[in-house]
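Chemist: The opening residue of the sequence shown carries number 84 in the numbering used here; numbering runs sequentially from there.
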Amino acid sequence: MKEIERIADQLKRAVEGEAWHGPSLNRPMAGGHTPWEIALHIGAWLAAVRRRLGGQAVELSPEPEEDWAPVGDATEAAWEQARAGINGEYRKLLETVRGLSEDGLGRIVAGRDYSMAFMLDGVIQHTLYHTGQIAVLTKATNDARRELLRHTLATLGYRGGKALRGAPPGFADFRAGGTSRTAGQILSHLGDLLDWGLSIAKGKEAWREGEPLPWEQGAERFFAALGALDAQLASAAPLGASTEKLFQGPIADALTHVGQIALLRRLAGAPVRGESYFRSDIVVGRVGPEQSAPRREFD
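Set out below in structure tokens:
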């Protein structure tokens, strides 16, 4: 492989990786840079090196914030635009590198005491270093978000289990009014929601509406579906949607419907005791019917 081809290949490997996909604004460490800020820094240096290859004596001054540019409009559209701009700079640099001659690699960079080849190796190492940072920051953020979502599922298991346990005979057919859902229908819908959430998490979204089951079987289905979704979140498999989307859709809906079942219990004359859920022993991963005893209940 010729030296030009080697450099172009290394540049391609440095930029066309997975580090660019994920949350862009999170700052897990106080005083550290966000993935977006790091990405802009990478883009600035790709552009500077390209201009230096063209013979310009380029300096990136910290004063006008050329080296570490601030994030302006912090929207998803702006992030996509920033990524497109960085990718454009990379493409321009790659084209410039491929247009160099082997002899040109030995030329001294304007205003510097090192060669073009040395500079290109440096920008590749610089890009790899910072894309590695982006990947680490993204993983740390995603892990924390998954953990919070799993805690929400554990909360759903705790509250749901309390609403389902000890339901009076015939409660599955109880409803608040003539056109409202029965408790059994709501419980069935809970299972549907969690199955839907699992399909979204796996990247194969599908809605399937099940038939209401006898109360105990419906409860078993609820906990089985909850456990399957929690296991998916606990795995290393990539999610088919963001944790925010999973929360705002199936999981928030499920929490609402658990509240409806608790309300129907009260209307049916078999109320669920109130509890200070702030003090409850809710643990990530505990999503089955076996839950800790309440720490502070009240009527």
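Ideal Cβ positions, reconstructed from N, Cα and C, are used throughout, including at glycine.
The structure displayed is predicted, hence computed values, not measured ones.
Once the 5 residues before and after Gly189 are set aside, which same chain residues still bring their CB inside 6 Å of it?
Modeler: As a first step, residue 189 must be located in the sequence shown, where it is residue number 106. For Gly189, where only same-chain residues beyond five positions count, the Cβ hits under 6 Å are Ser198.
Chemist: Report all residues from its chain with a CB closer than 8 Å to the CB of Gly368; omit the five preceding and five following residues, and keep chain order.
Modeler: For this step, residue 368 is matched to residue 285 along the sequence shown. Counting only residues of its own chain and dropping the five nearest sequence neighbours on each side, Gly368 has a CB closer than 8 Å to the CB of Arg233, Ala237, Asp313 and Ala317.
Chemist: What did DSSP end up calling Ile191 once you bin it into helix, strand or coil?
Modeler: The residue you call residue 191 lines up with position 108 of the sequence shown. Ile191 falls in the strand class under three-state DSSP.
Chemist: Assuming Leu276 contacts Pro333 under a Cβ cut-off of 8 Å, what Cβ separation, rounded to an integer in Å, is found between them?
Modeler: On the sequence shown, residue 276 is found 193 positions in, with the first residue counted as 1. On the sequence shown, residue 333 is found 250 positions in, with the first residue counted as 1. Between Pro333 and Leu276 the Cβ distance is about 5 Å, and since that is below 8 Å, they are a contact.
Chemist: Using CA atoms only, rank isn't needed, just tell me which of Ser263, Thr235, Lys85 and Lys245 is closest to Ala376.
Modeler: For the purposes of this step, residue 376 is identified with residue 293 of the sequence shown, where counting begins at 1. Here the closest residue by C-alpha is Lys245.
Chemist: How many angstroms separate the CA atom of Pro372 from the CA atom of Thr117?
Modeler: Working through the sequence shown from its first residue, we reach residue 372 at position 289. Working through the sequence shown from its first residue, we reach residue 117 at position 34. Cα-Cα distance, rounded: 41 Å.
Chemist: Can you tell me whether Gly286 is helix, strand or coil according to DSSP?
Modeler: Residue 286 sits at position 203 when you count from the first residue of the sequence shown. In this structure, Gly286 counts as coil in the three-state DSSP scheme.
Chemist: When the distance is taken between beta carbons, is Gly205 closer than 8 Å to Val370?
Modeler: Walking along the sequence shown from the start, residue 370 turns up at place 287. Walking along the sequence shown from the start, residue 205 turns up at place 122. For Val370 and Gly205, no; Cβs fall outside 8 Å.
Chemist: Which residues in the same chain have their Cβ closer than 6 Å to the Cβ of Gln93, if we skip the five residues on either side of it in sequence?
Modeler: The sequence position of residue 93 within the sequence shown is 10, counting from 1. Contacts found: Ile207.
Chemist: Using three-state DSSP, classify Glu380 as helix, strand or coil.
Modeler: Numbered from 1 along the sequence shown, position 297 holds the residue referred to as residue 380. Residue state, collapsed to three classes: strand.
Chemist: Is the Cβ-Cβ distance between Ala193 and Gly138 less than 8 Å?
Modeler: Within the sequence shown, the letter at position 110 stands for residue 193. Within the sequence shown, the letter at position 55 stands for residue 138. The answer is yes: Cβ separation under 8 Å.
Chemist: Under the three-state reduction of DSSP, which class applies to Glu327: helix, strand or coil?
Modeler: Taking the sequence shown and counting its residues from 1, one reaches residue 327 at position 244. Helix.
Chemist: Classify Gly231: buried if its beta carbon has 16 or more other beta carbons within 10 angstroms, exposed otherwise.
Modeler: Here the question's residue 231 lines up with position 148 in the sequence shown. It should be pointed out that residue 231 corresponds to Leu in this sequence rather than to Gly. Counting Cβ neighbours within 10 Å, Leu231 comes out exposed, since fewer than 16 surround it.
Chemist: Does DSSP classify Arg258 as helix, strand or coil?
Modeler: Position 175 of the sequence shown, counted from the first residue, corresponds to residue 258. It is a strand residue.
Chemist: Go ahead and pull the three-state DSSP assignment for Gly352.
Modeler: Taking the sequence shown and counting its residues from 1, the one referred to as residue 352 is at position 269. Three-state DSSP puts Gly352 in coil, outside helix and strand.
Chemist: Applying the 10 Å Cβ sphere with the 16-neighbour rule, what's the burial state of Thr386?
Modeler: This structure leaves residue 386 out entirely; the chain is present only between 84 and 382.
Chemist: Quick one: grab the DSSP three-state call for Glu148.
Modeler: Walking along the sequence shown from the start, residue 148 turns up at place 65. Coil at Glu148, not helix or strand.
Chemist: Glu163: which of Glu86, Trp119 and Ala308 sits nearest, CA to CA?
Modeler: Residue mapping note: residue 163 aligns to position 80 of the sequence shown, counting from 1. Measuring from the Cα of Glu163, the nearest candidate turns out to be Trp119.
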